[in-house]
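Q:
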Amino acid sequence: MAEKILEYRATLADQLKNTYASILAAQKPHFLNGSDPGTSGAPNLGAGQVASNKGALLADGDQTFEKLQLFRDKLSSNVAALPIV
């Protein structure tokens, strides 16, 4: 039983990181090229606005990446600080 608990604690941080990264990746929009989701990829009339906002979206992505990295670091340190039974 103790071995299972140790194995669980050893893999918990990686599982949480992977789950959180998957959730963030699923929420990230993939239609920055100007087409609406579900279309054949033909650009819509607002494609110029999407392209002009691309820089702002990338800046938000950098902030998100930094927050994700900080979260991963904190999570790893918290899991490492768990007492071993």
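One rule links them: number in my numbering = place in the sequence shown (from 1) + 1.
Backbone N, C-alpha and C define an ideal beta-carbon position, used for all residues, glycine too.
Quantities reported herein were computed from a predicted structural model and do not represent experimental measurements.
#1: Looking at residue 14 and residue 86, is the spacing between their C-beta atoms short of 9 angstroms?
#2: Excluding the 5 residues flanking residue 10 on each side, which residues of the same chain have their C-beta closer than 8 angstroms to its C-beta?
#3: How far does the alpha helix (DSSP H) with residue 13 in it reach, from first residue to last?
#4: Compare the Cα-Cα distances from residue 25 to each of 76, 12, 62 and 75 and report the closest residue.
#5: Measuring CB to CB, does residue 73 end up less than 9 angstroms from residue 29?
#6: Taking just the CA atoms, how far does residue 12 sit from residue 68?
A: Looking at the atomic coordinates:
#1: Position 85 of the sequence shown holds residue 86. Position 13 of the sequence shown holds residue 14. Not closer than 9 angstroms, so no.
#2: The count along the sequence shown starts at 1 and reaches residue 10 at position 9. Within the same chain, residue 10 has close Cβ partners 80, 83 and 85.
#3: Your numbering for residue 13 matches position 12 in the sequence shown. Note, residue 13: alpha helix (DSSP H), 3-28.
#4: Mapped onto the sequence shown, residue 25 falls at position 24. Comparing Cα positions, the closest option is 62.
#5: For the purposes of this step, residue 73 is taken as residue 72 along the sequence shown, with counting starting at 1. For the purposes of this step, residue 29 is taken as residue 28 along the sequence shown, with counting starting at 1. No, the pair does not count as a contact, with Cβ atoms beyond the cut-off.
#6: Taking the first residue of the sequence shown as 1, we reach residue 68 at position 67. Taking the first residue of the sequence shown as 1, we reach residue 12 at position 11. One C-alpha to the other measures close to 22 angstroms.
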